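Asks:
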Amino acid sequence: MARYFTEEHEWIDVEGDSATVGITDYAQGQLGDIVFVELPEVGSVIDKGKDAAVVESVKAASDVYAPISGEVMESNEALEEDPALVNTSPEETGWFFKMTIGDKSELEGLMDAKAYKSFCDSL
Amino acid sequence: MGCFPAPGSARPCFEGRDLSETEENEQQETGTLPLDAWHRGKGARMVEFAGYWMPIQYNKESGGGIVAEHEWTRSSAGLFDVSHMGQLMVTGEKAAEELEKLLPGAIGTLKPGRVRYSLLLNDEGGILDDLMVTNATPWIEGDEEAGTEGHWGEPAYYIVVNGAMKWDDIAHLREHLDDDVTLTHMDDYALVALQGPNAATALNRIMRGVPEQLVFMQSLEHDFGEWPLRITRAGYTGEDGFEISVPAEFAESLCDRLCAEIEVRPAGLGARDSLRLEAGLPLYGHDMTETVDPVSADLAFALTKKRRETGGWMGFDAVRTLMESGPKERRVGLALEGRLPAREGAEIYVGDDKVGRVTSGGFSPTLGHPIAMGYVDVAHAEAGTDLEIMVRNKRLAAKVVTLPFVSHNYYRGS
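These protein sequences, in sequence, are chains A and B. Quick note: the first sequence uses our numbering, first residue 43, plus one each step. Quick note: the second sequence uses our numbering, first residue 100, plus one each step.
1. Alpha carbons only, please: which of B:H507, B:P296, B:E253 and B:V189 is nearest the one belonging to V515 (chain B)?
2. Please state if the CB of G444 (chain B) and the CB of L220 (chain B) are separated by a distance shorter than 8 Å.
3. Check for me: the beta strand (DSSP E) holding T190 (chain B) runs from which residue to which?
4. With a threshold of 16 other CB atoms inside 10 Å of the CB of G249 (chain B), please say whether the residue is buried or exposed.
5. Of the residues that make up the segment 61-77 of chain A, which ones have a beta carbon closer than 9 Å to any beta carbon in chain B?
6. Are the Cβ atoms of M439 (chain B) and V500 (chain B) separated by less than 8 Å?
7. Rounded C-beta distance between L282 (chain B) and L290 (chain B)? I'm assuming under 8 Å.
8. According to DSSP, is S147 (chain A) helix, strand or coil?
9. Which residue marks the beginning of the alpha helix (DSSP H) containing F161 (chain A), and which one marks its end?
10. Measure how close the beta-carbons of G225 (chain B) and E389 (chain B) come, nearest whole angstrom, since I'm counting them as under 8 Å.
11. On the premise that D372 (chain B) lies in contact with K92 (chain A), defined as a C-beta separation below 8 Å, what is that separation, rounded to the nearest angstrom?
12. Might you give, ordered along the chain, the residues of its own chain that have their beta carbon closer than 7 Å to the beta carbon of N124 (chain B), omitting 5 neighbours on each side?
13. Mind listing the chain A neighbours of R442 (chain B)? Cutoff is C-beta to C-beta under 9 Å, in chain order.
14. Which residues in chain A have a C-beta closer than 7 Å to the C-beta of R494 (chain B)? List them in chain order.
15. Is A471 (chain B) near the ligand SAM - that is, is its Cβ less than 7 Å away from at least one heavy atom of it?
16. Would you identify the three-state DSSP class for P109 (chain A), choosing helix, strand or coil?
17. Along the chain, where does the beta strand (DSSP E) containing I7 (chain A) start, and where does it finish?
18. Would D372 (chain B) pass as an interface residue toward chain A - the criterion being a Cβ-Cβ separation below 8 Å?
19. F462 (chain B) touches chain E at which residues, Cβ-Cβ below 9 Å?
20. By Cβ distance, which residues of its chain are closer than 6 Å to D180 (chain B), with the 5 residues on each side in sequence left out?
21. If contact is defined by three or more beta carbon pairs under 8 Å, each pair taking one atom from either stretch, is the segment 206-215 of chain B in contact with the segment 293-311 of chain B?
22. Judging by CA-CA distance, which residue of B:Y256, B:T420, B:V475 and B:N158 is the nearest neighbour of A143 (chain B)?
23. So with Cβ pairs under 8 Å, would you call G191 (chain B) a contact of chain A?
24. Identify the residues that DSSP records as bridge partners of I305 (chain B): which are they?
25. So, with DSSP's three-state summary, where would you put A105 (chain B)?
26. Taking the alpha carbon of M314 (chain B) as the reference point, which residue from B:L276, B:E342, B:G324 and B:G450 has its own alpha carbon closest?
27. For the putative contact between W171 (chain B) and A333 (chain B), defined by C-beta atoms under 8 Å, what is the C-beta separation to the nearest angstrom?
28. Ordered along the chain, which non-local residues of its own chain (more than five positions away) have a Cβ less than 8 Å from that of A157 (chain A)?
29. Let me confirm a value: N492 (chain B) is counted as buried when at least 16 other C-beta atoms fall within 10 Å, else exposed. Which label applies?
30. I need the DSSP call for Q312 (chain B), collapsed to helix, strand or coil.
31. Is it buried or exposed for A301 (chain B), if we count other Cβ within 10 angstroms and need 16 for buried?
32. If you reduce the DSSP assignment to three classes, tell me which class W326 (chain B) lands in.
33. For a cutoff of 8 Å on Cβ pairs, would you count G164 (chain B) as touching chain A?
34. What residues of chain A sit near G369 (chain B), judged by a beta carbon separation below 8 Å?
35. Under 8 Å between the Cβ atoms of V79 (chain A) and V97 (chain A)?
36. Note down, in chain order, all residues in the segment 470-493 of chain B with a beta-carbon under 8 Å from any beta-carbon belonging to chain A.
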């Protein structure tokens with residue numbers, strides 16, 4: 043399983059033809075206390091770079107963009123009950139949704155963990 | 100305030116929808132305030148606000164985070180830097196009379212050491228800013244040898260205005276106040292607010308006997324060693340607390356002294372906003388603007404009864420007409436079901452009819468559900484009315500509730 047990162051601070055775990063998407067620890071730290079996560083509907087098709095989810099912190103609403111194009115297969119229902127999972131476990135139990143990988147070439151150009159870390163350090 | 104970017108980074112996080120502070124600081128370089136380094140040393144995340152770098156929250160490692168700071172302030176005491184606000188002093192024999200031309204509150208009858216909430220209005224009755232005015236007239240001690248008795252000195256009024264509006268306010272005051280009165284911008288002073296149920300206990304340990312000299316909306320000058328302070332029992336959180344005006348050079352030392360008390364932790368603008376929203380306190384530029392009048396804004400309490408009759412203040416004719424005819428819409432509190440907050444700009448509906456708009460909203464840490472303030476047609480503004488708020492094509496159930504959402508805890512004497 044390979045994990046990729048975007049400049050929009052999402053992570054993607056790729057396993058075969060599907061991927062799991064969430065936001066990074068850096069992102070949750072920037073957003074602060076998360077009170078609500080609006081996830082895409084299962085079966086909906088999302089396009090790379092377009093709105094896929096919305097994260098509401100105490101103070102503000104922030105868009106989460108689709109890191110790649112594909113169809114949403116499953117969304118993390120645990121976030122409905124406990125949106126703070128995104129703060130406490132952003133890169134594991136606080137995942138957002140699973141999706142099909144519409145176009146594998148879209149994974150090219152995404153960062154690996156090391157590249158993402160230096161990207162964050164440069165901010 | 101959107102997504103709380105770290106300084107110096109072009110696009111460090113998601114694009115926020117809530118671009119609350121966009122109007123300010125056009126082209127102007129972002130200023131730094133006296134406590135800038137102090138905040139950074141405490142792990143604050145600094146954001147641009149009202150033209151300055153300000154702490155939005157402190158880091159998790161030092162017990163920070165908006166919700167943690169909010170809850171600490173509600174249960175103990177938070178220390179807020181509000182040095183971006185404008186601190187003004189208006190002095191002169193005619194100061195009260197002159198201020199009464201611009202403020203709808205009674206200033207002439209405000210006793211020394213007393214504080215009043217007031218408004219600057221334009222000719223149309225629109226709100227230019229809201230402010231706190233204190234009669235800061237000094238008491239001059241008598242001198243037996245010289246044969247003089249104690250007496251009040253030259254009348255002086257200490258005014259605190261919103262940071263984003265202060266330059267406009269100063270221009271407005273300079274334009275309309277008579278030349279016989281002097282307006283001083285105390286820009287070499289910092290202002291900090293110690294807020295929470297344990298604020299008085301903590302302050303009393305440092306400045307013994309000072310808190311007990313004040314009840315809510317009273318103010319005094321206090322020399323703490325070489326630091327000349329003005330301490331006012333007031334704030335913007337709904338809690339008991341003190342605002343302390345301090346010369347910039349002593350601000351860091353004062354904050355260190357306050358934070359050395361076990362009850363006190365620093366708190367940022369994020370918590371300040373969620374606290375004031377729970378307390379039902381309107382925020383200028385959001386819940387009131389120059390196109391909103393004090394009657395619609397439910398701030399008629401700031402119009403002193405006598406002065407509503409006598410007039411003689413800017414905006415009087417327009418406001419009097421509104422008071423007679425009644426406003427079309429009114430500022431109300433809104434309690435939402437579910438967990439999804441409605442933010443500024445969200446539209447409010449009854450059936451197919453749009454009946455209002457949200458002017459500030461968020462999640463209430465104390466209540467555990469979203470709350471908002473907004474303007475609603477008076478026909479739908481009664482407490483208990485069911486409304487719907489549109490957020491991203493979803494209709495959220497909301498109910499009009501009486502403000503504040505969380506009861507005030509002001510100290511009015513034992």
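Every residue, glycine too, gets a C-beta built ideally from N, C-alpha and C. For clarity, every value in this text was computed on a predicted model and none was experimentally measured.
Replies: A quick look at the data gives this:
1. Outside the displayed span of chain B (100 to 513) sits residue 515 (chain B), for which this structure offers no information.
2. no
3. G185 to T190
4. exposed
5. I65, Y68, A69, G71, Q72, L73, G74, D75 and V77
6. Note that residue 439 (chain B) is Leu in the sequence shown here, rather than Met. Going by C-beta atoms, L439 (chain B) is not nearer than 8 Å to V500 (chain B).
7. Not confirmed; about 18 Å, so no contact.
8. helix
9. A155 to D163
10. 4 Å
11. No, K92 (chain A) and D372 (chain B) are not in contact; Cβ-Cβ is about 30 Å, not under 8 Å.
12. Caution applies to N124 (chain B), whose pLDDT of 45 falls short of 50 and renders its modelled position unreliable; the value that the coordinates give is listed next. Closer than 7 Å at the Cβ level, and outside the excluded window around N124 (chain B), lie E147 and G150.
13. E98, A102 and A103
14. What R494 (chain B) touches in chain A: nothing, since even the nearest Cβ is about 14 Å away.
15. Only the bare structure without any ligand can be found here, which leaves the ligand SAM out of the picture.
16. coil
17. Chain A is shown only over 43 to 165; residue 7 (chain A) falls outside these bounds and no answer can be derived.
18. yes
19. The chain labelled as chain E is not found among the protein chains of the depicted structure, namely A and B.
20. L134 and V291
21. no
22. B:N158
23. no
24. Bridge partners of I305 (chain B): none, in fact.
25. Because A105 (chain B) sits at a pLDDT of 35, beneath the cut-off of 50, its placement in the model cannot be relied upon, and the following sentence gives the value as read from the coordinates. Looking at A105 (chain B) - three-state DSSP - the assignment turns out to be coil, as it is neither helix nor strand.
26. In the sequence under discussion, the amino acid at residue 314 (chain B) is Val, which differs from the Met named in the question. Of B:L276, B:E342, B:G324 and B:G450, the residue nearest in Cα terms is B:E342.
27. About 20 Å separates the two Cβ atoms, so there is no contact after all.
28. F47
29. exposed
30. helix
31. buried
32. strand
33. yes
34. G74, V100 and K101
35. yes
36. R491
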